[in-house]
Amino acid sequence: MAGMVSFSIPRRRVMLSLGLLTAAGGCIPALANHAPAEAIPRARLTSMPPQVLVHTLDGFNKSSMEEDVSSAVAWEAERDLGDTVPEVGVRPAEHLALMTCGVLCARLIHWGALATLEIGLQREKIRNYGFHSVTDWRFRANLSAARQALDADYALFVVLKQTRQTTGRKVAQALGGGYTIGKQIDAACVADLRDGRMIRCVSERDESGDIDDPGRLRQVLRTLLHRLFAPSPPNR
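Position in the sequence shown (first residue = 1) + 2 = my numbering.
Here is the structure:
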């Protein structure tokens with residue numbers, strides 16, 4: 003049934019698939035963008051519902067997903083993103099269009115969120131997926147029906163990941179000198195729905211703030227969007 007389609011990612015499954023997020027060793031390849039901002043026609047671009055992952059690490063490196071907090075922040079993020087994307091000439095996907103698209107768009111959103119998170123993690127030197135371009139992330143299915151339902155050829159994905167720590171973990175780190183890296187990783191990507199490839203991404207990393215701090219959410223979204231759609235510098 004269409005009413006049973008979920009456009010939120012399965013958070014626990016995503017975190018299990020990523021494992022414990024620790025800094026990767028060795029040289030992590032930089033990820034090249036495929037398209038400059040000005041090559042993406044805003045009239046054919048729509049934003050997908052943003053995805054939020056808030057989890058807590060304890061002193062034994064066990065991760066617990068904060069489902070209620072994640073859902074609450076995701077609701078605020080969807081509202082704030084809808085208010086912010088018009089600043090860069092982008093329109094949010096309408097709920098009716100997503101429901102018409104159904105399972106295909108649910109799969110697209112799940113893939114886009116995970117791909118955007120992985121890209122953000124590699125860009126910020128947290129995880130190494132061995133890729134050298136954002137186009138290496140590709141949705142391998144025919145998206146013609148999604149393009150028609152959404153009236154778009156490009157889709158914008160935003161993922162916000164916040165890692166919190168228990169008091170016990172903070173005390174253990176203070177005594178033992180350990181450190182949790184990549185506490186807040188935020189990323190935004192544009193995918194070309196004609197071939198399913200990511201074509202442009204940006205990311206932000208914050209080791210001190212929390213995505214639920216007053217005013218932080220809207221600030222992060224605005225920073226991501228304006229960086230993602232900043233025009234290329236003129237040739238010298």
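Think of the CB as a built atom: it goes at the ideal place given N, C-alpha and C, for glycine as much as any other residue. Values in this document were obtained by computation on a predicted structure and should not be read as measured data.
Assigned with DSSP and collapsed to three states, M101 falls in helix.
Each of K64, D85, A189 and T58 was checked against the Cα of S72, and the nearest Cα belongs to T58.
Scanning W77, Q150 and I187 for the CA closest to the CA of R46 turns up Q150. When C-beta atoms of the segment 60-69 are compared with those of the segment 198-212, fewer than three pairs fall below 8 Å, so the two segments do not count as touching. With respect to the C-alpha of D194, the residue from F9, T48, C103 and I30 having the closest C-alpha is T48.
W113 counts as buried, since at least 16 other C-beta atoms from the protein chains shown sit within 10 angstroms of its C-beta.
P216 and F141 have their alpha carbons spaced roughly 35 Å apart. DSSP lists no beta-bridge partner residue for F133.
Put simply, the backbone Cα of L55 is about 31 Å away from that of S234. Unbroken beta strand (DSSP E) runs of no fewer than 3 residues, entirely contained in the segment 53-114, are found at 53-59 and 65-67, following chain order. Between the alpha carbons of P94 and G178 lies a gap of roughly 46 Å. With 16 or more neighbouring CB atoms inside 10 Å of its own CB, V136 falls in the buried class.
Your pair L162 and A74 does not check out as a contact, with CB atoms roughly 12 Å apart and the cut at 8 Å. For I187, the pairing in a beta bridge is given by DSSP as K163 and R207. Contact check for A148 and L106: beta-carbon distance about 5 Å, within the 8 Å limit, so the pair qualifies. By the 16-neighbour rule on beta-carbons within 10 angstroms, V160 is buried.
The alpha carbon of I187 has as its nearest neighbour, out of L158, T169, C29 and T225, the alpha carbon of T225. Scanning Y156, P52, D214 and M67 for the CA closest to the CA of A41 turns up Y156.
For A190 and V173, the gap between their C-alpha atoms comes out near 33 Å.
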